Structures are given as structure tokens and as C-alpha cells.
Amino acid sequence: MTKAIRLTQIFLLLSAFRRKYKMKCVSGFLSIIIALFISSTGAEDVVVYGQVGETVTLPRSKWGSERVLVQWFFGIDTQPLISRNSHGRETIDPEWKDRLSLSKTDFSLIINNIRLEDFKSFKCELKDFMPQTSTSVTFRLFRVSVQPVSPLLAGKNLNLKCDIEEIFKGTQRRWLSPQKQDLNEDKRAQIRNDGSLTVMSVTDQDHGEWTCVVTYQGREAYANTHVTVIDLSPAHPQPIYTSVSSLSLLHLPCFFSIPPPLSWSDSQEKSIQGGRWTFTPSPAAGSLTGVVQTLANLSLGPPLAWVVNQKRELDVSALQRTNLNLSLSKKGVTEGDRGEYTCAVEFQRGDTLKRSMRVEVLQVFSSPAPVAFVGQEVNLTCTLGHPLTSDLKVKWIPPRQSSLLVLGSAPDSAHLTIPEARDINGGRWRCELWRNKTKLTSVEITLKIERVPMDVWLLVTICGAAVIFVLLLILTVILNRRHRQRVTMPRRGKRRICRCKDPQPKGFYRN
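Numbering follows full-length UniProt numbering, in which position 291 of the sequence shown is assigned residue number 291; successive positions increment by one, without gaps.
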């Protein structure tokens, strides 16, 4: 384009010169000038792409001897932007100061913080004095850009477009994720011929710099845009394990993963409509199974605050310290806390962010009771309320004076049996829950082994003797009464009744 303009200017100039002086030799002279111009301009213009605000390099390789004058021009300016003489001294236009520099290894021009008005043509002229020759190359700088997008909620689709000011044949575009992964390998990505990109259901992993890579004639240019994904903290891949204890602290994490420089006000632009914490008890919790209970509701305020609905001694102070933290805490854990907890935040247009976590509570109990007598069989059970999965194991830690070797049960069994309790079996028994080499939680129980007191045996003996004496007394009285009744009762003869031959008017008579 620039070469054609210059050729046109030369033709016009020489035509005017010919009309003025009517010289026939001008035609031959014109042909010589054109040939010289073409040979001096060298190859075609070099196309380079760049993005506003970024750094771009106009490549110019080594040429000539060590004593070369380097000059870079902008547009149609006749004064160089930057130059370096044959002795290595550089001169920079004050208007371009701090934005231009020459490469130390060749004659390439490096432009920092490129501006919109910089997307024009640059010319590099090289003059060698040993021997005296010259060459020049024109660079055409074109803009490539990616329109910024507003913060996205996790689960939404991301739409980006890579715009190129002028596309030449052979220009190619591809996309890189924040992890520098080629999007051609991502099944969620849809790349169209116009350079637009759609990524389905973004997650917090999609937060960061997305890059459009433009390739032309082996040179690459990069256009970046920052994508912010608003999401809740990642869910626990495994359940949260705790144990029954009045001192245990159950922490339920839920907070906005809004990386800097994004602030809470940016997320408020998404118009939060509400939020809640819900709890679904597990079958082992001993309460209504499957019934969803609302623990707390989010009051929009201002300021934002949790309104607790259940009397479960929940700590909601985290929200008062920072608006990004929606976590709950509970001091004192019981088996009734087993189940699934869900943190949900609602936005406009029905969008909802949720995080669910399952809480497993380790419990230990003894049978028949925490207090046993010497010689009595004692059973200890360590349980989550359901059978342990294959990746979970328990480990029993007996009191110092006791040992697991003398017991009949395996030390890694959830059920531990003490066949005959002795004094040395008394104390704190600890049950630890392990996954591979990681201890998840532990719980303790204090087992008391007592001897039966003498006064108790005496009382039992007296009571037993008294009961036997009373029973014998009652039996004696009953037998005595029956015997007396038989002795004192008179014997009665049999009555004989007959019928007279001559009956009286009154009927029958006794003889």
C-alpha cells in the first residue's frame, strides 16, 4: 500500500517535470527512477499484529557490517523516532520516550504500552558505511483485540471474540485458557470461523487471562482479556469428620472466591436476592431422616446478616467480619449433627450458587455402661452410625497401664471386647479414625472398672435372707390354718330318709 502511494507520487512528479521542460528523455529517466525505488524499498511490507496497552516487537534482523546507522520512522514523518549511529549512540524522540527501545541483539524496534494511534506504518532504514549501502523495510501494525466481559457466575457460558483490524490470507487464530491449554482440546469450547469462542458452564478454574493467539507468516501476536468467575469456595471432596464432644468445633466453610482486584461490590452487581443454610439429617442422626431443615436465612440488610432459625448454637459471626464469608460454626458436636449441609446464595434471574458438604460424626460407647465391675465383660464400639467404608480404618489407643495384646479383638476393629474387666483396663480409651496415613478425627471415652463393695454384698445377703424368711413364714401360716380347719370341723352322719306306708298329711318324716 505504501509502495503504491510512493510510486504514484513519483509518477505525478515526473509527469509535471516533463510537461514543464518538454524533455523526451524524461521517460527513460522515469524508468530508471522507478527501478531504483523498487530496489531500494526491498521486500513487501511486513504485517505485524498487536494489542492496545501491550508490547509489540517489529522484527528487523542483523544486516551489514558492525558500523550501521539504524533509523526508525513513524508514518510519513521525516524525523526518526529512534536512531542508533555506527558508534552505538541512540537518540529517541521525546514524545516516544520510555515507550521505544532497540533490541540489543539486532535492529528490531520494541514498542511498549502501545496506543490506539500507534497502529500505522513504521519504516526501518539501515545504512552501512563499509561498503556504503542502504536498505529499508516498512512495517504495518494492525490491531487485534478481545472485548472484555463482565464478571460471570459459575455455571454460566463464556462468550469471547477475537477481532482483527485487517485479516490477510493465511492468518490463523486459536485460544488459550488461563492454564495455557489449547481450547481445541477442550470439549466445552466451541470455536467458530469468525474467531468467536463459547465455553460452556464456566467454573472457578476458568478465572484468569484468556488469550487469542493470531499467527501470520510464522509470527504470533497475543490479545489477552481477563475473565472473572464469581463462585463459592470449592466443595470438600471428602466428608467433614468430627467427633462427639462438648469441646469439638464443627466448621462449615462457605465464602465467595472473589480474587483481587475484584471486590464485594462487583458481586453485588449481580443482585443477590437471598441465601440460606439447610440441613438434611442422615439416618444415623436419630432424627427425621430426609427432612430438610432450614438453619439460617440471609437477610439482605444492609448490612447482610444471618437470621438463625434453629436453636443449634450456631456461630454466624464470620459474616459480620467480612461480607465474603458465609461460613457457620458450631461448638459442641452430637450424633444429631450427622448429615448434609448446604449453603445457597440466590441471584437475579433465578441463578443460584450452592455448596454442599457431608458431616460424619465419630462416636464411641461402651456396653453395658461406662462403669463396669471387675470380671465383667465390656464391649467398646467406635462408629460413624453406619458401617465403615473400605478406605477407613479405626485405631484403638488404650490407657497407659493397659494393653491390646491380651484382648480377643483385633486392634483395628470397630468393636473391641474386654472379656474380663480388670483394674488396669480403666482409664481413657481413644478411638482414632484413619484414611491411609491421615488421621481424620478421634474420640475418647473414660471407662471405670470398680470392685463390688462388701457392704453391697452384705446388703444383698440380708435382703435375700429376709425375702426367704418372709416366704417361709407365709407358707407356715397357710399350712397351719389349713390343718386347724381340718381338726376343728365336726363329723356329720348320713341322713336316712324313708317313705311311710301310711303317709301323714304333712308328707315325709324321719325315723
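Positions of the beta carbon are idealized from the N, C-alpha and C atoms, including for glycine.
Note that the coordinates shown come from a computational prediction; the quantities given were computed from them, not determined experimentally.
From the options, residue whose alpha carbon lies closest to that of residue i
i: Glu117; options: Asp106, Thr133, Gln132 and Phe142; result: Phe142
i: Gly274; options: Val56, Gly301 and Ala235; result: Gly301
i: Gln348; options: Leu380, Ile240, Leu152 and Asp391; result: Leu152
i: Val68; options: Val213, Asn85 and Thr138; result: Asn85
i: Trp396; options: Gln363, His386, Gln179 and Glu44; result: Gln363
i: Asn436; options: Thr476, Ala421 and Lys393; result: Lys393
i: Arg115; options: Gly218, Arg99, Leu447 and Met130; result: Arg99
i: Arg355; options: Phe469, Asp128 and Phe256; result: Phe256
i: Pro398; options: Glu432, Glu90 and Pro387; result: Glu432
i: Ala344; options: Ile110, Leu388 and Leu298; result: Leu298
i: Gln238; options: Ile76, Glu340, Ile111 and Phe139; result: Glu340
i: Leu447; options: Asp182, Trp434, Arg430 and Pro131; result: Arg430
i: Val202; options: Leu158, Ala223, His236 and Trp210; result: Leu158
i: Glu220; options: Leu249, Arg173, Thr417 and Leu126; result: Arg173
i: Thr105; options: Pro80, Trp63 and Val137; result: Trp63
i: Val213; options: Arg188, Leu249, Trp175 and Leu475; result: Trp175
i: Arg428; options: Leu380, Phe129 and Gly53; result: Leu380
i: Ile76; options: Ser121, Leu326 and Gly375; result: Ser121
i: residue 512; options: Leu416, Gln181, Gln190 and Arg486; result: With the chain covering only 1 through 511, there is no way to say anything about residue 512.
i: Gln293; options: Thr280, Val487 and Ala305; result: Thr280
i: Cys162; options: Asp93, Cys124 and Tyr49; result: Tyr49
i: Leu249; options: Ser329, Thr171 and Trp277; result: Ser329
i: Leu247; options: Lys97, Val443 and Ala466; result: Val443
i: Thr211; options: Gln147, Ile272 and Lys187; result: Gln147
i: Thr225; options: Asp412, Glu54 and Leu404; result: Glu54
i: Glu166; options: Met130, Thr135, Phe73 and Tyr216; result: Tyr216
i: Thr417; options: Ser366, Leu384 and Val467; result: Ser366
i: Leu384; options: Val371, Val359 and Asn113; result: Val359
DSSP beta-bridge partners of residue i
i: Val371; result: Lys448
i: Leu362; result: Ser243
DSSP three-state assignment for residue i, whether helix, strand or coil
i: Asp351; result: coil
i: Leu326; result: coil
i: Asn85; result: coil
i: Gln376; result: coil
i: Asn224; result: strand
i: Cys212; result: strand
i: Cys463; result: helix
i: Arg486; result: helix
i: Phe119; result: coil
i: Asp315; result: strand
i: Val470; result: helix
i: Glu125; result: strand
i: Gly53; result: coil
i: Asn159; result: strand
i: Leu30; result: Its pLDDT being 44, under 50, Leu30 is placed unreliably by the model, and the measurement read from it follows with that caveat. It is helical.
i: Asp186; result: coil
i: Arg219; result: strand
i: Pro283; result: helix
i: Ile272; result: strand
i: Phe17; result: Per-residue confidence for Phe17 stands at a pLDDT of 45, beneath the threshold of 50, marking its modelled position as unreliable; the derived number appears in the next sentence. In this structure, Phe17 counts as helix in the three-state DSSP scheme.
i: Arg481; result: helix
i: Gly195; result: coil
i: Phe11; result: For Phe11, the predicted structure reports a pLDDT of 47, less than 50, and the residue's modelled location is therefore unreliable. A value from the coordinates is still provided. In this structure, Phe11 counts as helix in the three-state DSSP scheme.
i: Asp63; result: Per the sequence shown, residue 63 should be read as Trp rather than Asp. Trp63: coil per DSSP, three-state reduction.
i: Gln205; result: helix
i: Thr476; result: helix
Where residue i falls, given that 16 or more other Cβ within 10 Å makes a residue buried
i: Phe168; result: exposed
i: Asn425; result: buried
i: Leu160; result: buried
i: Ser61; result: exposed
i: His87; result: exposed
i: Phe373; result: exposed
i: Leu197; result: buried
i: Glu335; result: buried
i: Gln205; result: exposed
i: Cys463; result: exposed
i: His251; result: exposed
i: Leu36; result: Confidence is the limiting factor: at Leu36 the pLDDT is only 40, short of 50, which leaves the residue's position unreliable, though a coordinate-based value still follows. Exposed is the call here.
i: Val137; result: buried
i: Val470; result: exposed
i: Val199; result: buried
i: Thr78; result: exposed
i: Arg338; result: buried
i: Asp423; result: exposed
Integer-rounded CB distance, given that residue j should sit under 8 Å from residue i
i: Ser282; j: Pro253; result: Ser282 to Pro253, Cβ: 20 Å. No contact.
i: Val361; j: Ser177; result: Contact doesn't hold; Cβ gap of about 40 Å is too wide.
i: Val227; j: Val149; result: 6 Å
i: Ala223; j: Ser145; result: 6 Å
i: Phe139; j: Val46; result: 5 Å
i: Gln376; j: Ala414; result: The Cβ separation is near 21 Å, so there is no contact.
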